[in-house]
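S.K.: Pasting a structure here, questions to come.
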Amino acid sequence: MAHGVAVRRGLDGLVIVATNLVHAYAGVSELGSARAMFDGMPDRNTVTWNAMLNGYVKAGMMDIAAEVFWGIPQRDVVSWLTMIDGYIRANHVSDALKAYVHMMGEVDTKGSEALLVGLVKACAQDSAITEGQQLHTVILKNGFDAHAFVQATLIHFYGCCGLIGLAQMQFKLSDKSHIASWNALMAGLLRKDLMHAARQLFDDMPERDIISWSTLISGYVRIGSPDMALHLFFSMPITDVEPNEITLASALSTVADSGVLGQGRWIHDYIISRSIRLTDNLGAGLIDMYAKRGSIADAVQLFNHARDQFSSVSPWNAMICSLAIHGYAHMSLDLFSQLQRTKIKPDAITFIGVLNACCHAGMVIEGKHHFETMRREYGIQPTIKHYGCMVDLLGRAGYLDEAEQLVEMMPMKPDVVIWGSILAAARAQGNVPLGEKAAEELAKLNQSHGASKVALSNLYAEAGRWANVSVVRKELQDTTFERLTGNSGVVQ
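Start counting the sequence shown at 34; every next residue gets the next number (the working numbering).
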């Protein structure tokens with residue numbers, strides 16, 4: 034509308050008007066119109082170029098943005114900052130750093146605190162230690178280190194790069210009243226699995242926010258201390274800090290793996306009572322928790338109640354996989370068919386659930402169909418877990434030759450799960466040569482797995498080969514073995 038008015042009044046030829054139109058089009062992501070306006074301008078100034086540049090940067094089209102940027106006759110500070118910010122957002126750390134160095138030689142600026150913080154964060158994400166330390170020197174020279182958010186960023190950088198001693202040194206020099214510095218150091222300690230030091234820091238904090246609680250809870254989960262994680266989570270209600278989505282999702286995951294159903298119900302009730310929006314992440318977590326804690330009915334009820342508000346595949350995956358694991362293969366496959374009729378696209382995890390459902394139901398033809406559909410229609414390349422599901426499916430159904438052929442054509446080396454499935458299927462079918470081959474491959478992968486020896490011994494016994502049984506049992510008596518799990522599993 035504004036463009037039409039400008040044209041009718043003959044104003045679109047004015048640089049200032051045309052520039053504003055370019056900016057307006059780019060601001061609402063109408064880059065085609067913005068570029069047409071830009072290309073049609075007989076005269077452009079730096080502001081015009083920056084408006085076009087900003088449009089491409091915000092759209093993440095960095096290759097085209099770079100072409101525009103290097104075409105600017107007179108780049109100013111805004112041009113450089115826009116380009117550097119785009120590189121940082123696109124995680125092109127090396128390009129961002131090169132642009133920063135180039136900028137320092139072309140324009141009269143020392144940069145801002147915000148720019149340097151962005152660059153240091155990018156170095157932290159990319160573990161670019163040398164570059165990050167050079168930026169630290171620039172910060173010190175320009176006196177920016179007095180700012181609390183800059184101090185916290187430097188602690189974060191050193192923690193992410195595993196330089197915990199330097200992170201602690203920076204923390205000692207920082208403003209202790211700023212909670213971000215405490216959180217950054219705690220996260221760094223946890224990355225090095227220094228749980229005791231992280232807990233001590235948490236206890237010493239003058240105040241804690243949701244990031245403090247979430248970071249420590251996640252740390253306990255990662256090192257395999259679910260009881261401590263849940264104890265900490267259920268301590269939160271007596272403080273002024275309320276759990277957020279990240280904390281709730283972490284707690285649900287912990288309950289699903291190691292807790293009890295009552296704890297999961299409490300979290301669900303808390304979400305409802307506090308009117309917390311049921312995001313896809315929380316929905317998937319609740320479904321997974323109910324299923325793993327043995328209440329598949331609650332999982333189905335929650336999914337059916339909230340399915341219309343889910344916008345991603347994760348809650349669908351949780352439900353499809355849970356139904357497959359609990360033996361409701363036909364329900365799992367029916368739900369997958371419903372998913373295909375929505376706008377949501379299945380992913381690799383979806384097909385692990387689907388293939389597991391086929392495996393539990395012995396649906397070989399359907400399993401083969403879905404395995405091919407995954408590749409042909411959705412462009413999803415099978416992982417070793419997908420191959421594991423197919424080998425398990427074929428082996429359970431007695432198609433040992435096909436299972437062996439599939440193992441031989443895999444683009445990756447079979448793991449203990451796949452050879453365990455082959456061994457179990459060989460025993461079920463009395464196929465001694467294939468069982469021996471599977472046991473031999475298992476021994477190459479991990480000699481401490483004893484279940485393969487037990488299965489091989491049973492295979493020999495069922496075939497009446499008692500001399501071989503004696504040899505294997507003697508090996509079992511002389512060696513300490515671990516238990517082997519021989520099924521395809523489901524990714525959660």
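C-beta: ideal position from N, C-alpha, C; glycine also.
Is the beta carbon of ILE250 sitting closer than 8 Å to the one on LEU281?
M.R.: Cβ distance not < 8 Å, so ILE250 and LEU281 don't count as in contact.
S.K.: If you reduce the DSSP assignment to three classes, tell me which class ASN216 lands in.
M.R.: The answer is helix: DSSP assigns ASN216 an H, G or I state.
S.K.: Please name the residue in VAL80, GLY428, ALA59 whose C-alpha comes closest to that of GLN107.
M.R.: Selected option, being the one with the closest Cα: VAL80.
S.K.: I need the straight-line Cα distance from LEU168 to THR115, nearest angstrom please.
M.R.: Looking at the two C-alpha atoms, the distance is approximately 19 Å.
S.K.: May I have the straight-line CA-CA distance separating ILE271 from SER245, to the nearest angstrom?
M.R.: Cα to Cα, the separation comes out at about 15 Å.
S.K.: Do you know whose CA, among ASP159, GLU146, SER160, CYS156, lies nearest ILE172's CA?
M.R.: Comparing Cα positions, the closest option is GLU146.
S.K.: Return the residue from the list ARG122, HIS180, MET423, ASP226 that minimises the CA-CA distance to ALA155.
M.R.: Ranking ARG122, HIS180, MET423, ASP226 by Cα distance to ALA155 puts ARG122 first.
S.K.: For PRO23, which of ILE398, ALA284, ASN83, ILE212 has the nearest alpha-carbon?
M.R.: Past the edges of the chain, shown from 34 to 525, lies residue 23, and the structure says nothing about it.
S.K.: Quick check: what's the CA-CA separation for LYS174 versus TYR411?
M.R.: For LYS174 and TYR411, the distance between alpha carbons rounds to 53 Å.
S.K.: So what does DSSP say about ASP242, is it helix, strand or coil?
M.R.: Three-state DSSP puts ASP242 in coil, outside helix and strand.
S.K.: Does the distance from the C-beta atom of VAL140 to that of PHE190 stay below 8 Å?
M.R.: Taking 8 Å as the Cβ cut-off, VAL140 and PHE190 do not qualify as a contacting pair.
S.K.: If you drop the 5 nearest sequence neighbours on each side, which residues of the same chain put their C-beta closer than 7 Å to that of VAL440?
M.R.: Result list for VAL440: VAL424, PRO447, ILE451, ILE455, in chain order.
S.K.: Please confirm whether SER358 and VAL387 have their CB atoms less than 8 Å apart.
M.R.: As written in the sequence, residue 358 is Ile, which differs from the Ser given in the question. It is not a contact, given that the beta carbons lie outside the stated cut-off.
S.K.: Taking only beta-carbon positions, decide if SER247 is within less than 8 Å of chain D.
M.R.: The chain labelled as chain D is not found in the depicted structure, where only one protein chain is given.
S.K.: For HIS403, which residues in the same chain have their Cβ closer than 7 Å to its Cβ, ignoring the five residues on either side in sequence?
M.R.: Only PHE384, VAL387, LEU388, CYS391 meet the Cβ criterion.
S.K.: Three-state secondary structure (DSSP) at THR52?
M.R.: Residue state, collapsed to three classes: helix.
S.K.: Within a Cβ cutoff of 8 Å, which residues of the same chain sit near GLN462, ignoring the five residues on either side of it in sequence?
M.R.: Around GLN462: GLY431, LEU433.
S.K.: Measure from the alpha carbon of GLY395 to the alpha carbon of each residue in CYS422, THR416, LYS376, SER370, then state which is nearest.
M.R.: The residue with the shortest Cα to Cα distance from GLY395 is CYS422.
S.K.: DSSP state of GLN414, grouped into three classes?
M.R.: In this structure, GLN414 counts as coil in the three-state DSSP scheme.
S.K.: If you run the structure through DSSP and keep just helix, strand and coil, what is LYS378?
M.R.: LYS378: coil per DSSP, three-state reduction.
S.K.: From LYS91, THR52, MET74, pick the residue whose C-alpha is nearest to that of VAL61; which is it?
M.R.: That would be LYS91, whose Cα lies nearest to the Cα of VAL61.
S.K.: Label HIS419 either buried or exposed according to how many other C-beta atoms from any shown protein chain fall within 10 Å of its C-beta, with 16 as the threshold for buried.
M.R.: Counting Cβ neighbours within 10 Å, HIS419 comes out buried, since at least 16 surround it.
S.K.: Once you ignore the five residues that flank SER347 on each side, which residues in its own chain have a CB closer than 6 Å to its CB?
M.R.: So the list reads ASP313, ALA317, once near-sequence residues are dropped.
S.K.: Classify GLN107 as helix, strand or coil using the three-state DSSP reduction.
M.R.: GLN107 falls in the coil class under three-state DSSP.
S.K.: When burial is assigned at 16 or more other CB atoms within 10 Å of the CB, is GLU405 buried or exposed?
M.R.: Exposed, because fewer than 16 other Cβ atoms sit within 10 Å of the Cβ of GLU405.
S.K.: Can you round the beta-carbon distance between SER214 and GLN166 to whole angstroms, since I take them to be within the 8 Å contact cut?
M.R.: Their Cβ separation, rounded to whole angstroms, is 18 Å, which puts SER214 and GLN166 out of contact at 8 Å.
S.K.: Taking the alpha carbon of ILE377 as the reference point, which residue from ASN350, VAL126, ALA84 has its own alpha carbon closest?
M.R.: It is ASN350.
S.K.: Taking the alpha helix (DSSP H) that GLN342 falls in, what are its first and last residues?
M.R.: Here GLN342 belongs to no alpha helix (DSSP H), and DSSP marks it neither H nor E.
S.K.: For LEU319, I'd like the list of residues in its chain whose CB is within less than 7 Å of its CB, leaving aside the five on either flank, ordered along the chain.
M.R.: Excluding sequence neighbours, LEU319 sits near LEU285, HIS301, LEU335.
S.K.: Rounded to the nearest angstrom, what separates ASP260 and ALA289 at their Cα positions?
M.R.: If I take the Cα positions, the gap works out to 12 Å.
S.K.: Does the Cβ of MET322 have 16 or more other Cβ atoms within 10 Å, making it buried, or fewer, making it exposed?
M.R.: Classification of MET322: buried, given that the 10 Å Cβ count is 16 or more.
S.K.: Whose C-alpha, out of ALA471, ALA459, GLY257, ALA181, is nearest the C-alpha of GLY428?
M.R.: Looking at the Cα atoms, ALA459 is the closest of the given residues.
S.K.: Starting from PHE267, trace the alpha helix (DSSP H) in both directions and tell me its first and last residue.
M.R.: Looking at the DSSP string, PHE267 is not in any alpha helix (DSSP H), and its letter there is neither H nor E.
S.K.: Could you tell me the alpha carbon to alpha carbon distance between LEU478 and VAL449, rounded to whole angstroms?
M.R.: The alpha-carbon atoms of LEU478 and VAL449 are separated by roughly 7 Å.
S.K.: Looking at LEU315 and GLU278, is the spacing between their C-beta atoms short of 8 Å?
M.R.: Yes; because the gap between Cβ atoms is below 8 Å, this pair is in contact.
S.K.: Quick check: the Cα distance between GLY257 and ALA231, rounded to an integer number of angstroms?
M.R.: Going by the C-alpha atoms only, they are around 15 Å apart.
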